[in-house]
């Protein structure tokens, strides 16, 4: 019918619109000026394009990095090498990497502490015994408490579509104020783990989390569209976007202790 065709066209237009809005938000809406300068240990092509640190001394987290009194957490699920983590360790930072695919429970490699821990947004399932699990599963707030760490100067999140629920958990548990810089890879090709609803609701959910970052005094200083990833947005092929972005956020109210 004519009405169904109009409804379909409006839905298509809405999907494209929210895609453009999200990409624009990721590129310009929350940006702050940040003097980005990499120390010698970080000067390689990837650092200039993808995972970029804000080293502007007007931000307290950058002061910590520049004086080498810094703590870095990297949340990951295997994948790319640890070049940034190792470079930050070489530069003098205390670096902890949490990855369930790591071979041993705890080990150190090139100055990086590697922990076979899976960061989750849920409490561990009591029905699954610790003996049956290859790796432990904990929320980030629990990790901070276990390690006796009150703050993290750099939090890198590369969790392959689990990032939205993890970010939601950081908001709900009030962890964001303890983070100086947030390096976040977001995936847009599908809604993400345990994110339900139709396209408008998924996009509203994503936007609500970005808004929570802004309410927590985080400002975007960097975004990078990963060219090797498919050009998909919620399973739709779109030529003017990417399914994966790497975003850099700085906490403008960060107060190192």
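Numbering (full-length UniProt numbering), first residue to last: 1 to 257.
Don't be surprised by glycine CBs; every beta carbon is placed ideally from N, CA and C.
The model shown is predicted, which means the values in this text are computed figures rather than measured ones.
Taking residue i as the reference, give the member of the options with the closest Cα.
i, options, result
"residue 33", "250, 256, 254, 255", "250"
"residue 153", "159, 144, 225, 117", "144"
"residue 102", "205, 65, 170, 118", "118"
"residue 160", "202, 120, 215", "120"
"residue 213", "171, 148, 81", "171"
"residue 163", "87, 246, 146", "246"
Just verifying my parser: in three-state terms, what is the DSSP assignment at residue i?
i, result
"residue 165", "helix"
"residue 244", "strand"
"residue 63", "helix"
"residue 171", "helix"
"residue 252", "coil"
"residue 51", "coil"
"residue 203", "helix"
Below 8 Å on the Cβ atoms is my guess for residue i versus residue j; work out the distance and round it to an integer in Å.
i, j, result
"residue 155", "residue 73", "5 Å"
"residue 52", "residue 180", "No, residue 52 and residue 180 are not in contact; Cβ-Cβ is about 15 Å, not under 8 Å."
"residue 76", "residue 158", "5 Å"
"residue 175", "residue 141", "5 Å"
"residue 31", "residue 224", "Their Cβ separation, rounded to whole angstroms, is 13 Å, which puts residue 31 and residue 224 out of contact at 8 Å."
"residue 97", "residue 82", "6 Å"
To the nearest angstrom, how far is it from the Cα of residue i to the Cα of residue j?
i, j, result
"residue 68", "residue 93", "6 Å"
"residue 173", "residue 110", "32 Å"
"residue 257", "residue 151", "8 Å"
"residue 100", "residue 205", "27 Å"
"residue 89", "residue 112", "6 Å"
Excluding the 5 residues preceding and the 5 following residue i in the sequence, name in chain order all residues of the same chain whose CB lies nearer than 6 Å to its CB.
i, result
"residue 107", "114"
"residue 254", "60, 61, 180"
Spatial neighbours of residue i within its chain, please: C-beta separation below 7 Å, excluding the five flanking residues on both sides.
i, result
"residue 297", "Since the first residue shown for the chain is 1 and the last is 257, residue 297 is missing from the structure and cannot be characterised."
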